[in-house]
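Here is the structure we will look at.
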Amino acid sequence: MQGPLIDTLARRGVTRRTFLKYCATLASMMALPPTAGRAMAEAMAAARRPSVIWLPFQECTGCTESITRSHSPTIEGMIFDMISLDYQETLMAAAGHQAEEARQNAMKDNAGKYLLIVDGSIPLGHDGAYSCIGGRSNVDMLKEAAAGAAAVIAVGSCASFGGIPKANPNPTGAVSVSDLVKDKPIVNIPGCPPIPVVMTGVLAHYLTFGSLPELDDKGRPKSFYGNTIHDRCYRRPFYDQGKFAKTFDDEGARQGWCLFELGCKGPVTHNACATVKWNGGTSWPVESGHGCLGCSEPDFWDGGSFYKALSAPADPLKFAAAAAVVGAGAGVAVSVANRVKKNTAKATHETTTLADLEK
Amino acid sequence: MNDLQFLTWTRGPGLDIAVGIFLLGVLWRLIEIYTLGRKKDLAAPRHAAGASGLHTVFRRSLPPPGMLKRSPVSYVGGYIFHIWLAIIVFLGAPHILLIENLVGLSWPALPSQFIGLTAVVTMATMVVMLADRINKPVKRFLSTFEDWFTWTVTFLPVLTGWMATQHLLLPYTQMLALHILSAEILLVVLPFSKLFHGFTLFGSRWYNGRVNAHKGVPV
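These protein sequence lines map, in sequence, to chains A and B. Start counting the first sequence at 1; every next residue gets the next number (our numbering). Start counting the second sequence at 1; every next residue gets the next number (our numbering).
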């Protein structure tokens, strides 16, 4: 498929009107001014398939599954078809040496211009031997590919923050993309998996403005990760009223009350699930009755139980009983010492007589 | 350490350490104080009947005649601050949940907006009381480092809790972690400072009432 995106979309039966509506929606989701929708449509329609290299490292392919199977057919999915995805192991037809050759060619032909997408963390243990492709370690491949990239997009929590592979005790020495790449602009799109529209939003922004969207202190696009799940949750009024589901099947759960007491991590999780939702706007975890796991936050796996409320202890108390015994022991010891002091004072007390005073 | 790791530490090991020191300190001091005893008073009691101890527990909660006019901030502020702080601690939903997890008891919560309002009133009252302590020469003269320090460790949990829920200054995760940390500092300081009056107040009033009655000044 060659030529501008709009032609390809037209061949797929996507009308110009549908495309314009999509761009306007995308622009509004990214909190861009109303005129940006049109600019985005014009720029994207004329875009000439930027070269994209997608490197999958220590990952589960969930991110790719999320994007390709979000709902079908999607404009997101089609835009993914329209970029020149020169290397993506899961989706590409080529395999083995052919695939590696495609990657090398894309890197050479588009040096300094291609976008590098990474999903999965990068293991550093044993010289990176825990995860290799074509006999080369992930860390080698990342450094080589990042050197010629215009920008790097870290897709998913593993690439963004290390994710589950980095969870305690991190046996492979997994790190995130931003731990290794320091000299290129990096966008983190965390989530396990991330929301497809966030991914296309970032791509659309790049195609339209030639730059990456505004990022927060963790390198995430502010437009999608600016609010917490809790702040935008439709169950928030129940939290404010103090109405909580106590179990997953009680009356509160049936009434759709807040899941805070069941361990929802919405208050500390920045993501757009509550507004964008999943599966074409069908639902999202909290709507389906389960609390947020906080999957788009760094080290979410080590943040205590998924089913313990944020205000509850993360672990059972270990020292309390011992401390109480030591405290009681100290109290008894001090009181015994006080008694001894008092008795000694009493024993050594000398009575003063009038005669003594007159001496 | 990132925000979530900080929060997890305050909810995990931090809480463990703080509760441990709190229990240790409270048991130590209570046992020490109540086993101290007093020398037996060999004089015949001047007044044995009545419940002066119990009466004193309540009577000392009321201002003596004329004192309310002379020091209104101490009395009115003291009442407002203590009651509203107790409302936040014992009737805020996340706090009840913590108590339930620690000791297994729970009760209905008040709406979070009301708790937010209570926090503002508590902080305003504390600031007025602090200003009064600074302004009144006698109060200032009587104040030691401990007074300023305990005011601060009591004020910080209220301030950080309110700021966390209102999304002020820092991201919620950081502010929540700071809130929990400040409450843990309060737990650690409590048994070893004048804040221990929370445990000894009624005992000492009862004792004083009882002794006074013994000496012929019944209440």
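Glycine included, every Cβ here is placed at the ideal spot set by N, Cα and C. A quick note: this is a predicted structure, and the numbers were derived from the prediction, not measured.
Could you give the distance in angstroms between the alpha-carbon of residue i and the alpha-carbon of residue j?
i                            : j                         : result
leucine 9 of chain A         : threonine 15 of chain A   : 8 Å
glycine 53 of chain B        : arginine 46 of chain B    : 15 Å
glycine 173 of chain A       : glycine 37 of chain A     : 43 Å
alanine 322 of chain A       : aspartate 16 of chain B   : 11 Å
isoleucine 67 of chain A     : glutamate 146 of chain B  : 59 Å
phenylalanine 161 of chain A : proline 63 of chain B     : 59 Å
proline 108 of chain B       : threonine 160 of chain B  : 23 Å
alanine 24 of chain A        : alanine 183 of chain B    : 47 Å
leucine 102 of chain B       : alanine 204 of chain A    : 50 Å
glutamate 65 of chain A      : isoleucine 88 of chain B  : 46 Å
histidine 214 of chain B     : glycine 50 of chain B     : 11 Å
isoleucine 153 of chain A    : asparagine 138 of chain A : 16 Å
leucine 23 of chain B        : alanine 324 of chain A    : 5 Å
glycine 242 of chain A       : alanine 45 of chain A     : 49 Å
proline 111 of chain B       : threonine 269 of chain A  : 23 Å
Please tell me whether residue i has its Cβ less than 7 Å away from any Cβ of chain A.
i                         : result
valine 51 of chain B      : Before going further, note that residue 51 of chain B is alanine rather than valine in the sequence given. Output row for alanine 51 of chain B: interface = no.
arginine 59 of chain B    : no
proline 218 of chain B    : no
asparagine 220 of chain B : Here chain B has residues from 1 to 219 only, and residue 220 of chain B is not among them.
glycine 221 of chain B    : Residue 221 of chain B lies beyond the range of chain B shown here (1 to 219); nothing can be said about it.
isoleucine 185 of chain B : no
valine 120 of chain B     : no
Since residue i sits in a beta bridge, which residues does DSSP pair it with?
i                         : result
arginine 136 of chain A   : A/Ile133
proline 221 of chain A    : A/Leu215
glutamine 58 of chain A   : A/Ser121
isoleucine 189 of chain A : A/Val155
threonine 228 of chain A  : A/His270
tryptophan 278 of chain A : A/Ser283
Got a sec: is the Cβ-Cβ distance from residue i to anything in chain B below 7 Å?
i                        : result
serine 72 of chain A     : Residue confidence for serine 72 of chain A is low, a pLDDT of 49 falling below 50, so the modelled location carries little weight and cannot support an answer.
aspartate 119 of chain A : no
valine 286 of chain A    : no
serine 335 of chain A    : yes
What residues in its chain sit with their C-beta under 6 Å from that of residue i, if we drop five residues either side in the sequence?
i                            : result
phenylalanine 306 of chain A : Gly263, Leu293
arginine 136 of chain A      : none
leucine 178 of chain B       : Thr160
alanine 18 of chain B        : Glu184, Leu187, Val188
serine 84 of chain A         : Arg49, Ser51
cysteine 63 of chain A       : Asp119, Val155, Gly156, Pro193
serine 72 of chain A         : With a pLDDT of only 49 at serine 72 of chain A, under the threshold of 50, the placement of this residue in the model should not be trusted, and no figure is reported.
With a threshold of 16 other CB atoms inside 10 Å of the CB of residue i, please say whether the residue is buried or exposed.
i                           : result
asparagine 110 of chain A   : buried
isoleucine 83 of chain B    : exposed
phenylalanine 19 of chain A : buried
aspartate 233 of chain B    : A question about residue 233 of chain B goes unanswered here, because the residues of chain B that appear run from 1 up to 219.
lysine 265 of chain A       : buried
leucine 201 of chain B      : exposed
isoleucine 134 of chain B   : exposed
glycine 281 of chain A      : exposed
tyrosine 172 of chain B     : buried
proline 237 of chain A      : exposed
methionine 199 of chain A   : buried
leucine 91 of chain A       : exposed
arginine 11 of chain B      : buried
Return the chain-ordered list of same chain residues with a C-beta closer than 7 Å to the C-beta of residue i, the five sequence neighbours on each side being excluded.
i                         : result
valine 26 of chain B      : Pro191, Phe199
methionine 141 of chain A : Leu55, Ile133
alanine 253 of chain A    : Ala245, Thr247, Gly289
leucine 7 of chain B      : Thr173, Leu176, Ala177
Skipping 5 residues on each side, what residues in its chain have a beta carbon closer than 8 Å to that of residue i?
i                        : result
alanine 145 of chain A   : Ile53, Leu55, Arg103, Met107, Leu116
glutamate 287 of chain A : Tyr234, Lys277
Run the proximity test for residue i: is its beta-carbon closer than 6 Å to any non-hydrogen atom belonging to the ligand ZN?
i                         : result
isoleucine 117 of chain A : Annotation note on the ligand ZN: not contained in the displayed structure, which lists no ligands.
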